[in-house]
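S.K.: Got a structure for you, questions after.
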Amino acid sequence: MTANSQTPAQTPIVSKWDDAVAATLSEPELLLYRSNLLGSDLRVTNFGGGNTSAKVTMRDHLTGDDVQVLWVKGSGGDLGSIKLDGFSTLYMDKLNALKKRYRGLEHEDEMVDYLPHCTFNLNPRAASIDTPLHAYIPKAHVDHMHPDAIIAIAACADSKRLTEVIFGGQLGWLPWQRPGYDLGLKLEALATSQPNLKGIILEGHGLFTWGDTAKSCYEITLEMIRLAEQWLGENVKQPVFGGVKTITLPAEQRAAIAAQLMPALRGRISAGERKLGDFNDSAAVLQFVASNDLAALAALGTSCPDHFLRTKIRPLVLDFDPAKPDVDALLAGLDKALEDYRADYTAYYERCKRANSPAVRDANPVIYLIPGVGMLSFAKDKATARIAGEFYINAINVMRGANGVDKYVGLPEQEAFDIEYWLLEEAKLQRMPKPKSLAGRVALVTGGAGGIGQAVARQLLQEGACVMLTDIDAGALAEAHANLVKVAGKDSVATVQGNITSEKEVEAVLSATALRFGGLDILVSNAGIASAAPLEDTTLEIWQRNQDILVTGYFLVGRGAFRLMKQQKIGGSMVFVASKNGLVASAGASAYCTAKAAEIHLARCIALEGAAIGVRVNVVNPDAVIRGSRIWDGKWKEERAASNKIDSDNIEEFYRQRSMLKLSVLPEDIAEAVYFMASDKSGKSTGNVLNVDAGNAAAFTR
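Position one of the sequence shown corresponds to residue 215 (our numbering), numbered consecutively onward.
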């Protein structure tokens, strides 16, 4: 793809409706089916955006009468994954009665408070602000989508005329207006006065379509999007984004620059709340950031409210020349670039605020555009950061389409502010659940495919962290990833194969972590081996292997993590998973015991240097964690059984009885200890050792 082509190649949007499937479904299930089909294609609507509805005749549980009920997507949720419990249900007669309560535009927000009084069947799903937009359109089935092609037309300066030209009277048009009760009445008036319409375009916003059946509504929605895509493709008047201005760097170089830049940015924008990052160098992004019109179009901001709420008033375009890529200069200029952006955002707030506006929010940008490299997005969690980037790609597609045929128009500044600081949006933010204890944190777990590694990762994920797992065993790593995705979803967990004894591979693992999540807050050094042999039978190879993995490996990963945390300037935590044998010598295991003792002392040394930059380093000492252990499944089990003169099948019982508490130590026990040491619960602890061994008097620290 050249930067001057109209749009990256894509397959046409086609109907996925299956009559055989549909024939088995009830009316509410048909609404769900339609919604999932529409939400499965980001060209139809963005993640979490758009909504669908159906007016269904149902039996009233109180009176026994048949009544008309509006099923409409509730507040929050995503059409692609919504279930039936994601829809609000409201009595249509009560919604119609609300018209008598409406007091005009200055009282818009109070109408939302009436919606719970219209609830059918005590449904707890909160109705969204868009409910009146569906209720009053006199059709049984209604879709409201945000397709890029339609918004491109809606965001043109000549939007109204183009709507007539492109759709030949099939779609009506309404000027920009914030979603609310009055807009619902205007949709009703236009649909009623022009009964032949198949839908309506909202200026700068999106598309409403309707039908008498779920299938016809779905297929009309797709038909209108296809018409828009075809017309835009056939009527390009000018070079895309003003033509090409800069070169695009090779993929490997783009990733390397992003991996350097993301921790530096993350540290600078995480003072109030730690942020997680996402890097996107898709074809659409690269075309935009290489263009002549990049700065001018970026300054206009987005048009669709859904885009704007995710991406902020405008992105930050970083000063970078890919023809002369000076990363040091790029990093050196970050403070000034961010300072200027914050000042501009604060000035925007002061210009537009109203008497009852909420206090100014985080003034840092969400979207960062780098010529020749791509786009970064930062938010409070990984999914939100990724989705913000996807929304800005929607905005890029809109700008490409609009500017290709006319002139792109962004959302007016005051309208943008009134949406961003809408009291209803503020109330939604205040209802958000309290963040988990490790929300916004990034953890790297070495030896991540083993029993302890997976248990640690699971614990950290459950506490809200994002986790990068690394291991030398690619097959076991893939299996661990599959297990952990079920715990926290694909956004929060990632893997990268690596050998911690290789300086080059360790650097690659840390770079991959920074590129995936934006930086690093928690290192759990857990990779390990075990060996046992009498001193006279301990070969130099056995000795060196223990030193390479358990000492040199921990040093390389610890040093790399230290450098990354120092660059971020927001502190961090390291936890070394060592062993009881680091404190207590065992006969026949000199190589292993010595290496484990070195791990503990290395942790103390790093703790001394880390304190000055807020990096804590602590040790967790397990003993005899047999279940789920790849080490104990191998030769080590036989060696320790022979050393203790017992049958290998009795090894777990032997160690349980040897402990003071007569308990087995499990991977989950180590995971809880690691979590404690990694989290703010131990925020005033560094250089310490926590034994998790069910009691071993010889290992008491003193």
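Yeah, the Cβ is synthetic: ideal placement off N, Cα and C, and Gly gets one too.
Within the same chain, show all residues whose beta-carbon is closer than 7 Å to that of Leu399, passing over the 5 residues directly before and after it, in chain order.
M.R.: The answer, listed in chain order, is Tyr350.
S.K.: Would Ser517 and Gly678 qualify as a contact pair, given that the criterion is a beta-carbon distance under 8 Å?
M.R.: Cβ atoms of Ser517 and Gly678: not closer than 8 Å.
S.K.: Going by beta carbon distance, what residues of the same chain come within less than 6 Å of Gln668, once the five residues before and after it are set aside?
M.R.: Result list for Gln668: Ala694, in chain order.
S.K.: Please determine, among Gln628, Arg818, Ala799, Ile666, the residue with the shortest C-alpha to C-alpha distance to Tyr921.
M.R.: Residue 921 lies beyond the residue range present for the chain, which begins at 215 and ends at 916; the question has no answer from this structure.
S.K.: Which two residues bound the contiguous beta strand (DSSP E) that contains Phe592?
M.R.: Element bounds for Phe592: 588-593.
S.K.: Beta-carbon separation of Val606 and Pro529 under 8 Å?
M.R.: Sequence check: residue 606 is Tyr here, not Val. It is a contact, given that the beta carbons lie within the stated cut-off.
S.K.: Taking contact to mean 3 or more Cβ pairs, one atom from each stretch, closer than 8 Å, check whether the stretch 350-363 and the stretch 427-444 are in contact.
M.R.: Yes: at least three Cβ pairs fall under 8 Å.
S.K.: In the DSSP assignment, what residue or residues form a beta bridge with Thr684?
M.R.: DSSP output for Thr684 lists Thr660, Val710 as bridge partner(s).
S.K.: Report all residues from its chain with a CB closer than 6 Å to the CB of Lys642; omit the five preceding and five following residues, and keep chain order.
M.R.: Closer than 6 Å at Cβ, skipping near neighbours: no residue.
S.K.: Opposite Gln452 in the DSSP bridges: which residues?
M.R.: Its beta-bridge partners do not exist; DSSP assigns none.
S.K.: When you compare the CB of Arg468 with every CB in chain D, is at least one pair closer than 8 Å?
M.R.: Absent here is chain D; the protein component of the structure consists of one chain.
S.K.: Alpha carbon to alpha carbon, what distance is there between Asn608 and Arg600?
M.R.: Answer to the nearest angstrom: the Cα atoms are 13 Å apart.
S.K.: Go to Asn835, then tell me how far its beta strand (DSSP E) extends in each direction, as first and last residue.
M.R.: Its beta strand (DSSP E) spans residues 829-836.
S.K.: Kindly give me the distance between the Cβ atoms of Ile840 and Glu882, rounded to whole angstroms, as I take these residues to be in contact under 8 Å.
M.R.: Wrong, their Cβ atoms sit about 13 Å apart, outside the cutoff.
S.K.: Since I believe Leu284 is in contact with Leu245 (beta carbons under 8 Å), could you give me their beta-carbon distance rounded to a whole number of angstroms?
M.R.: Incorrect: roughly 11 Å between the Cβ atoms, too far for contact.
S.K.: What residue does the beta strand (DSSP E) around Phe301 start on, and which one ends it?
M.R.: That run of the beta strand (DSSP E) goes 301-305.
S.K.: In angstroms, rounded to a whole number, what distance separates the CA positions of Ala812 and Gly712?
M.R.: Using only the alpha carbons, I get a separation of about 22 Å.
S.K.: Counting only runs of 4+ residues fully inside the stretch 601-644, write out the alpha helix (DSSP H) ranges in chain order.
M.R.: Correct list: 627-634, 637-644.
S.K.: Compare the C-alpha of Asp632 against each of Ile581, Leu770, Gly394 and name the closest.
M.R.: Ranking the options by Cα distance to Asp632, first place goes to Gly394.
S.K.: Would Lys489 and Gly732 be called neighbours here (beta carbons separated by less than 8 Å)?
M.R.: Contact flag set, yes.
S.K.: Evaluate Cys819 with the Cβ neighbour count: other Cβ atoms within 10 Å of its Cβ, from every protein chain shown; 16 or more gives buried, anything less gives exposed.
M.R.: So Cys819 counts as exposed.
S.K.: Taking C-alpha atoms, which residue in Ile367, Asn902, Lys297 lies nearest to Met613?
M.R.: Comparing Cα-Cα distances from Met613 to each of Ile367, Asn902, Lys297, the minimum goes to Ile367.
S.K.: Taking 6 Å as the limit between beta carbons, can you name the residues of its chain near Val833, skipping five residues before and five after?
M.R.: If we look at Val833 and ignore the five residues flanking it on each side, its Cβ neighbours are Phe790, Ala792, Ile814, Ala817, Val903.
S.K.: How long is the line joining the alpha carbons of Lys594 and Leu548, rounded to whole angstroms?
M.R.: Those two C-alpha atoms are separated by around 20 Å.
S.K.: Which full runs of the beta strand (DSSP E) of 3+ residues lie inside the stretch 749-807, going along the chain?
M.R.: 786-791, all fully within the stretch 749-807.
S.K.: DSSP on Arg273, reduced to helix/strand/coil?
M.R.: Note: Arg273 maps to strand in three-state DSSP.
S.K.: At the level of alpha carbons, what is the spacing between Ala616 and Gln408?
M.R.: One C-alpha to the other measures close to 27 Å.
S.K.: Which parts of the stretch 285-347 are runs of the beta strand (DSSP E), unbroken and 3 residues or longer, counting only runs that do not cross its ends?
M.R.: Counting only runs of 3 or more, we get 301-305.
S.K.: Hey, could you find the ends of the beta strand (DSSP E) Ile953 is sitting in?
M.R.: Residue 953 lies beyond the residue range present for the chain, which begins at 215 and ends at 916; the question has no answer from this structure.
S.K.: Could you tell me the distance, in whole angstroms, from the CA atom of Thr216 to the CA atom of Ala498?
M.R.: Residue placement at Thr216 is flagged as unreliable, the pLDDT there being 34, under the threshold of 50; the coordinate-derived value follows with that caveat. Spanning the two alpha carbons is a distance of roughly 11 Å.
S.K.: Where does Met874 fall in DSSP's three states?
M.R.: Coil.
S.K.: What would DSSP say about Val879, mapped onto helix, strand or coil?
M.R.: Val879 falls in the coil class under three-state DSSP.
S.K.: Quick check: the Cα distance between Asn218 and Glu717, rounded to an integer number of angstroms?
M.R.: Per-residue confidence for Asn218 stands at a pLDDT of 39, beneath the threshold of 50, marking its modelled position as unreliable; the derived number appears in the next sentence. The alpha-carbon atoms of Asn218 and Glu717 are separated by roughly 42 Å.
S.K.: Could you tell me the distance, in whole angstroms, from the CA atom of Pro748 to the CA atom of Tyr768?
M.R.: Their Cα atoms are separated by approximately 25 Å.
S.K.: With Leu511 as the anchor, note down where its alpha helix (DSSP H) starts and where it stops.
M.R.: Run containing Leu511: 508-514, per the alpha helix (DSSP H) assignment.
S.K.: Find out if the Cβ-Cβ distance for the pair Val580, Ala602 is shorter than 8 Å.
M.R.: Contact: yes.
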